[in-house]
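All remarks here apply to the structure that follows.
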Amino acid sequence: LEGRGLVAVQGSFLISAAIMFFGILTSPEMKKLLEKETDFDLSKLYFMNSTIGSVCGIPDCRITRCGYTGEDGVEISVDPKQAADLVERLMKSSQASVRLAGLGARDALRLEAGLCLYGNDIDENTTPIEAGIAFVVAKRRRQTKDFPGAEKIVSQLEKKNWPKRRVGIICDKGRAPRSHLPVIDPVTKASVGVVTSGCPSPTLHKSIGMAYVDRPDSKPGRELVIDFGTKQQKITVTKMPFVPTTYYNPPK
1 LEGRGLVAVQ
11 GSFLISAAIM
21 FFGILTSPEM
31 KKLLEKETDF
41 DLSKLYFMNS
51 TIGSVCGIPD
61 CRITRCGYTG
71 EDGVEISVDP
81 KQAADLVERL
91 MKSSQASVRL
101 AGLGARDALR
111 LEAGLCLYGN
121 DIDENTTPIE
131 AGIAFVVAKR
141 RRQTKDFPGA
151 EKIVSQLEKK
161 NWPKRRVGII
171 CDKGRAPRSH
181 LPVIDPVTKA
191 SVGVVTSGCP
201 SPTLHKSIGM
211 AYVDRPDSKP
221 GRELVIDFGT
231 KQQKITVTKM
241 PFVPTTYYNP
251 PK
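Residue numbers 1 to 252, in full-length UniProt numbering, belong to the letters of the sequence shown in order.
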């Protein structure tokens, strides 16, 4: 929001204070921390809902239960003059154990959760259908076709003819996949896709990544290779998320 600072609280015991007062804390520790440091009922704030209240005694904060890690967490919009103070108060709170983390930790978590990074995993040359996020195009919009790219996107939905698919890839051994590395069919030696993101997974103790591959090669269990130039490495196509998400949803 214009004229506001942002602090994000995500995960089990991490607060990530990074560029532009962006921070992260998550999961059970997030609940322990904020239940005592806010003036509203956190148990009634569900995923993708927001409220206005005070956090650590700082008023007029907008708290949204969301995040970019796959963990249960919140993002807090606050007056930028008070953003650094808010992070310091959260760090010093006696309600939970909090440690700083950086953008590398956040990127590993969002990859484990199968979340896209714009510029890597989605861009102006990919469609929501190819990216596996067709839910972002509501039924009404599919009917009205009143949005940029509607002709191509709706055609892919109706004809089921998208040529490529965003998939998860996993490596049991070796280096982590990196953006722009080609994905190769090990039999024909033909290029069938490209890696868009990758990193070592601290949870799985394996290397994981995302790639766009030709649709016939996108089924889970498909074995391919990535080409590092001097070496090729086996990968297996897998479903995402790699690690189950823990969003706080309302009871059904």
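The C-beta atom is built at its ideal place from N, Cα and C for all residues, glycine as well.
All values derive from a computational prediction rather than experimental measurement.
| Asked | Found |
| --- | --- |
| Since Val194 contacts Pro182 with CB under 8 Å, what's their CB separation in whole angstroms? | 6 Å |
| Taking Ser201 as part of the beta strand (DSSP E), name the residues at either end of that continuous run. | Ser191 to Ser201 |
| In the DSSP assignment, what residue or residues form a beta bridge with Asp227? | Gln232 |
| Assuming Arg65 and Tyr212 form a contact by the criterion Cβ under 8 Å, report the distance between their Cβ atoms to the nearest whole angstrom. | Actually they are not in contact, since the Cβ atoms of Arg65 and Tyr212 sit about 31 Å apart, beyond 8 Å. |
| Please determine, among Gly53, Arg106 and Gly132, the residue with the shortest C-alpha to C-alpha distance to Lys164. | Gly132 |
| Determine the closest residue to Ile76 out of Val225, Gly53, Leu111 and Ala108, with distance taken between C-alpha atoms. | Gly53 |
| So the beta strand (DSSP E) Glu75 belongs to, where does it begin and stop? | Gly73 to Val78 |
| Could you pull the start and end residues of the beta strand (DSSP E) that Asp107 belongs to? | Counting along the chain, Asp107 falls outside any beta strand (DSSP E), though it belongs to the alpha helix (DSSP H) covering Leu103 to Glu112. |
| Would you kindly work out how many angstroms separate the C-alpha atoms of Gly229 and Lys145, rounded to a whole number? | 43 Å |
| To the nearest angstrom, report how far apart Val46 and Ala190 are at their CA atoms. | For the record, residue 46 in the displayed sequence is Tyr; it is not Val. Approximately 46 Å between the Cα atoms of the pair. |
| Could you work out which residue in Pro220, Gly67, Leu157 and Arg178 is closest to Gly209 when comparing CA atoms only? | Arg178 |
| Under 8 Å, with one C-beta from each stretch per pair, do the stretch 94-106 and the stretch 134-150 reach the 3-pair mark? | no |
| In this structure, how does DSSP classify Asp85 when only helix, strand and coil are distinguished? | helix |
| Roughly how far, in whole angstroms, is the beta-carbon of Gln95 from the beta-carbon of Lys32, given that I think they are within contact range, below 8 Å? | 6 Å |
| Leaving aside the five residues before and after Ser218 along the sequence, list all residues of the same chain whose C-beta is less than 7 Å from its C-beta, in chain order. | Arg165, Val167 and Val237 |
| Among the candidates Cys56, Thr203, Gly221 and Val225, whose CA atom is the shortest distance from the CA of Thr188? | Val225 |
| In whole angstroms, give me the CA-to-CA distance for Glu158 and Ile129. | 11 Å |
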